[in-house]
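Q:
Number of protein chains: 2
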Amino acid sequence: MSLYKYICTKCSKEFDSVLIESKMIYLCPDCGSCKKNQPLKGVLTVEYDYDQLKSIYTKENFLSFTAGEIWLYPDLCPIDFNKIDKIDLEKLSLPANQILKYNVDGRELFFQDETRNPTYSYKDRASILVALKAKELGINEIAAASTGNAGSSLAGICARLGMTSHIFVPKNIPEAKRIQIQSYGANIYLVDGDYDQAFDLCLEVSSKNNWYNRNTAYNPLTIEGKKSAAYDIFINTKSELPDYIFVPVGDGVIISGIYKGFLELKKLELIDELPKLIAVQAEGSSAVVDYISSEVFEYKPANTIADSISAGAPRNLYMAANAVKESNGFGIKVNDDEILSSQKKLAHKTGLLVEPSCASTFAAYQKVKNKFEKDEKVMLLMTGSGLKDFEALKVWNEKPVAKSSEVWKSLLAQ
Amino acid sequence: MSLYKYICTKCSKEFDSVLIESKMIYLCPDCGSCKKNQPLKGVLTVEYDYDQLKSIYTKENFLSFTAGEIWLYPDLCPIDFNKIDKIDLEKLSLPANQILKYNVDGRELFFQDETRNPTYSYKDRASILVALKAKELGINEIAAASTGNAGSSLAGICARLGMTSHIFVPKNIPEAKRIQIQSYGANIYLVDGDYDQAFDLCLEVSSKNNWYNRNTAYNPLTIEGKKSAAYDIFINTKSELPDYIFVPVGDGVIISGIYKGFLELKKLELIDELPKLIAVQAEGSSAVVDYISSEVFEYKPANTIADSISAGAPRNLYMAANAVKESNGFGIKVNDDEILSSQKKLAHKTGLLVEPSCASTFAAYQKVKNKFEKDEKVMLLMTGSGLKDFEALKVWNEKPVAKSSEVWKSLLAQ
Chain A
372 MSLYKYICTK CSKEFDSVLI ESKMIYLCPD CGSCKKNQPL KGVLTVEYDY
422 DQLKSIYTKE NFLSFTAGEI WLYPDLCPID FNKIDKIDLE KLSLPANQIL
472 KYNVDGRELF FQDETRNPTY SYKDRASILV ALKAKELGIN EIAAASTGNA
522 GSSLAGICAR LGMTSHIFVP KNIPEAKRIQ IQSYGANIYL VDGDYDQAFD
572 LCLEVSSKNN WYNRNTAYNP LTIEGKKSAA YDIFINTKSE LPDYIFVPVG
622 DGVIISGIYK GFLELKKLEL IDELPKLIAV QAEGSSAVVD YISSEVFEYK
672 PANTIADSIS AGAPRNLYMA ANAVKESNGF GIKVNDDEIL SSQKKLAHKT
722 GLLVEPSCAS TFAAYQKVKN KFEKDEKVML LMTGSGLKDF EALKVWNEKP
772 VAKSSEVWKS LLAQ
Chain B
372 MSLYKYICTK CSKEFDSVLI ESKMIYLCPD CGSCKKNQPL KGVLTVEYDY
422 DQLKSIYTKE NFLSFTAGEI WLYPDLCPID FNKIDKIDLE KLSLPANQIL
472 KYNVDGRELF FQDETRNPTY SYKDRASILV ALKAKELGIN EIAAASTGNA
522 GSSLAGICAR LGMTSHIFVP KNIPEAKRIQ IQSYGANIYL VDGDYDQAFD
572 LCLEVSSKNN WYNRNTAYNP LTIEGKKSAA YDIFINTKSE LPDYIFVPVG
622 DGVIISGIYK GFLELKKLEL IDELPKLIAV QAEGSSAVVD YISSEVFEYK
672 PANTIADSIS AGAPRNLYMA ANAVKESNGF GIKVNDDEIL SSQKKLAHKT
722 GLLVEPSCAS TFAAYQKVKN KFEKDEKVML LMTGSGLKDF EALKVWNEKP
772 VAKSSEVWKS LLAQ
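These protein sequence lines are chains A and B, in that order.
Using this note's numbering, the letters of the first sequence correspond one by one to residues 372 to 785.
Using this note's numbering, the letters of the second sequence correspond one by one to residues 372 to 785.
#1: Going along the chain, which residues of its own chain have a beta-carbon closer than 7 Å to the beta-carbon of K430(B), five neighbours each way excluded?
#2: Suppose contacts are defined by Cβ-Cβ distances below 9 Å. Is K548(B) in contact with D707(B) by that definition?
#3: How close, in whole Å, do the beta carbons of S731(B) and A653(B) come, if the pair is a contact with beta carbons under 8 Å?
#4: May I ask which residues mark the beginning and end of the beta strand (DSSP E) holding R478(B)?
#5: The alpha helix (DSSP H) with D567(B) in it runs from where to where?
#6: Measure the Cβ-Cβ separation of L500(B) and T593(B) and say whether it is below 9 Å.
#7: Any idea if K631(A) is buried or exposed, counting beta-carbon neighbours within 10 angstroms, 16 or more meaning buried?
#8: Any idea what DSSP makes of C529(A), helix, strand or coil?
#9: Chain A beta carbons: is any one of them nearer than 9 Å to that of P619(B)?
#10: Could you have a look at Y662(A) and say whether DSSP puts it in helix, strand or coil?
#11: Thinking C-alpha only, which one of A557(B), P489(B), R496(B) is nearest G522(B)?
#12: So E611(A) contacts chain B; which residues on that side make the cut at Cβ distance below 9 Å?
#13: Roughly how many angstroms lie between the CA atoms of A601(A) and V705(B), to the nearest whole one?
#14: With respect to the alpha helix (DSSP H) encompassing S713(A), which residues constitute its N-terminal and C-terminal limits?
#15: Among the candidates L752(A), E461(A), N741(A), K742(A), whose CA atom is the shortest distance from the CA of P727(A)?
#16: Report buried or exposed for P672(A), applying the criterion of at least 16 other Cβ atoms within 10 angstroms of its Cβ.
#17: Using alpha carbons as the reference points, say which of E418(B), K394(B), W582(B), P410(B) lies closest to C379(B).
#18: Please report the distance separating the alpha-carbon of L648(B) from that of L480(B).
#19: For P466(A), which residues in chain B fall below 8 Å Cβ to Cβ?
#20: What is the DSSP secondary structure of Q423(B), reduced to helix, strand or coil?
#21: Measure the Cβ-Cβ separation of D484(B) and L463(B) and say whether it is below 9 Å.
#22: Once you ignore the five residues that flank T721(B) on each side, which residues in its own chain have a CB closer than 6 Å to its CB?
#23: Between A515(B), N453(B), P489(B), I550(B), which lies nearest to D567(B) when the distance is taken from Cα to Cα?
#24: Would you please state the rounded distance, in angstroms, between the beta carbons of S679(A) and L764(B)? I believe it to be under 8 Å.
#25: DSSP three-state call for V620(A): helix, strand or coil?
#26: Looking at C-beta atoms only, is the number of pairs between the segment 393-401 of chain A and the segment 612-625 of chain A that lie closer than 8 Å three or more?
#27: In the DSSP assignment, what are the bridge partners of F761(A)?
#28: On the criterion of 16 or more Cβ atoms from any shown chain inside 10 Å, does S698(A) qualify as buried, or is it exposed?
#29: Take A569(A) and list the residues in its own chain whose beta-carbon comes closer than 7 Å to its own, dropping the five residues that flank it on each side.
#30: Can you name, in chain order, every residue of its own chain whose Cβ lies under 7 Å from the Cβ of Q551(A), other than the five neighbours on each side?
#31: Give the straight-line distance between the Cα atoms of K637(A) and D422(A), rounded to the nearest whole angstrom.
#32: Secondary structure at M753(B), three-state DSSP: helix, strand or coil?
#33: As a quick exercise: from G702(B), K715(B), D495(B), D661(B), pick the residue whose alpha carbon is nearest that of A684(B).
#34: So, K506(A) versus D459(A), is the Cβ gap smaller than 9 Å?
#35: Could you name the residues of the segment 739-761 of chain B whose beta carbon sits closer than 8 Å to any beta carbon of chain A, in the order they occur along the chain?
#36: Can you tell which of T437(A), R585(A), F605(A) has the C-alpha that lies nearest to the C-alpha of G596(A)?
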């Protein structure tokens, strides 16, 4: 079992992990705050004894792991795997072969493909870790507020493990997302209000009912779970990391997690340099990108077709902005038209059918591709399957007119 | 490169593979026939020199392969891999970890999970082989008639490889399937007629335009491609094969392919006994199951919610029926209500969200589960993701009523 502590990302105070977990504390007990339409403050993060772990996780050892199986490096996971059934772990592995390589418009592009995870999105990385922690704590019920993928992910992972999920969603949730959540047998609570109200309600009810809480960024294990893609990229590239990674950003948890993963690899002396992280947001939901340049946060309701990165108040704003700055990356915005046309171009050119949220990375790449040197490795993070958002696909796939066989024959003979 | 010939499944005549492939012959030149609303006659099948291959494919060697990568056993693939770019193969691997194991109602059940293939269905196994053969022949355009998954699979695989696809679909194709086909950039031809008319039109036009044809069962490589799941099950179970496999059956190509794969393993002396194959059909589309008991085929228009196994005239009827009989399996029918309630139960109990077609196997299993001994291994084949058929999920996931936070609080406090 791993030895780790929790550290506050705001006040840097350290906390004993047993204390934090047994009392189900999520934000920093000293300075944490969770306010309406505001990023969270005092988000906790897991810290290991990297100096000690260096001898265990040598490069050779780490590169021998199968990608997608977090239990292969138990000392870098805040889970006591002795308390988890092996048969449960087998249900949670991600595909090992996650990287696809394409020549697009004359340049080699790398895609980290998360669309084949158990519930077809990146969110599974967080849900898996949260569910395992609940199992370890002997808790069988987990709650989350969600606008879509986090909820369907938690619902699907809980179904795999025989656990109960409680998902609080705003009433304007896209239909396809709602149906995926319900399909996995989750208890769904449609809240007559927005995501913020669902978030607050979820915290209150789960605390009263002693349900473990998976609210994104609020539970530090969501960030911790999302770091594993960095490890997988390290394994699958055999340590030949990309120079740049385009990451779709909504609440900012994925980019924070990926940054943490790479930073840990550096602390373990497995890599010298981190990939530069490029935060991609929609023009109608750009709080993180705006904060990177202005260092000011101002709440604006989000409005974009890319619902998975729609967040007026990104819960993990400060960690996300820090990830971009510390990795020497940058932020970039794209509009909904660019997102949809990129979704189409990507599917046509690569066969990767992805959600608008991650198509945004391809839109952003096309805007700045001339900035990169020829020998620089560029990767795009594909966070969710296009089949999860049927409505977006409808926009650019109009029904063609039916014709008789005779008509088709003469048309196709020309 | 492998040495192989083609054999007619009806008249047993043998044909040179170079002749068949270079002239783009599909059915037996002597006895083959393709008639409206009839199963195909004279379907060809690929035959290797198994005696010679025994020394190459020892058990130890075979079990060392990674599942999902057909190029690891080139001598059992009718492809000249010297003519294929390695970078293309990397885009075509299936997830290696395909088997999930669950305790359902007190019994251990095995699931072969094909829902995470490149286009989320089993059909990719056929499309991949067909596309590689086209590449080998120097042909860049492939055509197929389809009611859904075969078309979206071919479209997606062609997009991955930079090839052009032409998909002929009947005008009543489910919207979600049509949109997936179009999303990958296929040329789609909506035929004012049924699947049979689309099938015939596709044959005629592709022959005239020199497009390679992927019509299911018609092109023997569709069956050949679908055999690889048998190999993968062998690899992933470390040769401890299931005693029974429930297979959803429409046109009968999947079950024919799986049977061929296991039979080859037996010819290579890698296994002693084949799993018993259980053909599952919907009551409204049961030609194969009916033929197994009556040995009579009579065309009836198919009608079931499980569109992926809806086939009034199963193209591969005779091979499919033979697979069931020779493996000592049996046929079984389930109705649409049973299919939908099984789809729901399966998603709730296992987190596997699958199409109605493969949920039929779970419905069938529940009907006959008392027949199996306690120590017998039972596997269900999951052939397509539930996200491919949004309409079916809508049926059993009604929109709940939105309530205010206050109302939810009081309800959840009780």
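Beta carbons are placed, not taken as given, at the ideal position from N, Cα and C, and that holds for glycine.
A: By the coordinates alone:
#1: Within the same chain, K430(B) has close Cβ partners S610, L641.
#2: No, these two residues do not count as a Cβ contact at 9 Å.
#3: About 6 Å separates the Cβ atoms of S731(B) and A653(B), confirming a contact at the 8 Å cut-off.
#4: Boundaries of the beta strand (DSSP E) harbouring R478(B): 478-484, taken from the DSSP string.
#5: First-last of the alpha helix (DSSP H) with D567(B): 566-580.
#6: Yes.
#7: That one is buried.
#8: Here C529(A) sits in helix by DSSP.
#9: Cβ-Cβ to chain A under 9 Å: no for P619(B).
#10: Here Y662(A) carries a helix assignment [DSSP, helix/strand/coil].
#11: Taking each of A557(B), P489(B), R496(B) in turn and checking the Cα distance to G522(B), the smallest one comes out for A557(B).
#12: Near E611(A) there are no residues of chain B at all, since even the closest Cβ is about 15 Å away, more than 9 Å.
#13: Approximately 46 Å between the Cα atoms of the pair.
#14: Run containing S713(A): 707-721, per the alpha helix (DSSP H) assignment.
#15: Nearest option by C-alpha distance: L752(A).
#16: Label assigned to P672(A): exposed.
#17: With distances taken between Cα atoms, C379(B) lies closest to E418(B).
#18: About 15 Å.
#19: Contacts between P466(A) and chain B, judged by CB atoms closer than 8 Å, involve P466, A467, N468, R487 in chain order.
#20: Looking at Q423(B) - three-state DSSP - the assignment turns out to be helix.
#21: It is not a contact, given that the beta carbons lie outside the stated cut-off.
#22: The beta carbon of T721(B) is closer than 6 Å to those of Y473 in its chain, skipping five residues each way along the sequence.
#23: Nearest option by C-alpha distance: A515(B).
#24: Under the criterion of beta carbons closer than 8 Å, S679(A) and L764(B) do not qualify as touching, at roughly 19 Å.
#25: Note: V620(A) maps to coil in three-state DSSP.
#26: They do not touch, by the three-pair rule.
#27: F761(A) is bridged by DSSP to nothing; it lacks a bridge partner.
#28: Flag for S698(A) reads buried.
#29: The residues are A516, F539, V540, P541, V562.
#30: If the five residues before and after Q551(A) are omitted, its C-beta is found closer than 7 Å to the C-beta atoms of S523, K759, all from its own chain and listed in chain order.
#31: Taking the straight line joining both Cα atoms gives about 11 Å.
#32: DSSP, read as helix, strand or coil, puts M753(B) in strand.
#33: For the set G702(B), K715(B), D495(B), D661(B), the Cα lying nearest the Cα of A684(B) is the one of D661(B).
#34: Cβ distance < 9 Å, so K506(A) and D459(A) count as in contact.
#35: Residues S756, G757, L758, K759, F761.
#36: Considering only alpha carbons, the answer is R585(A).
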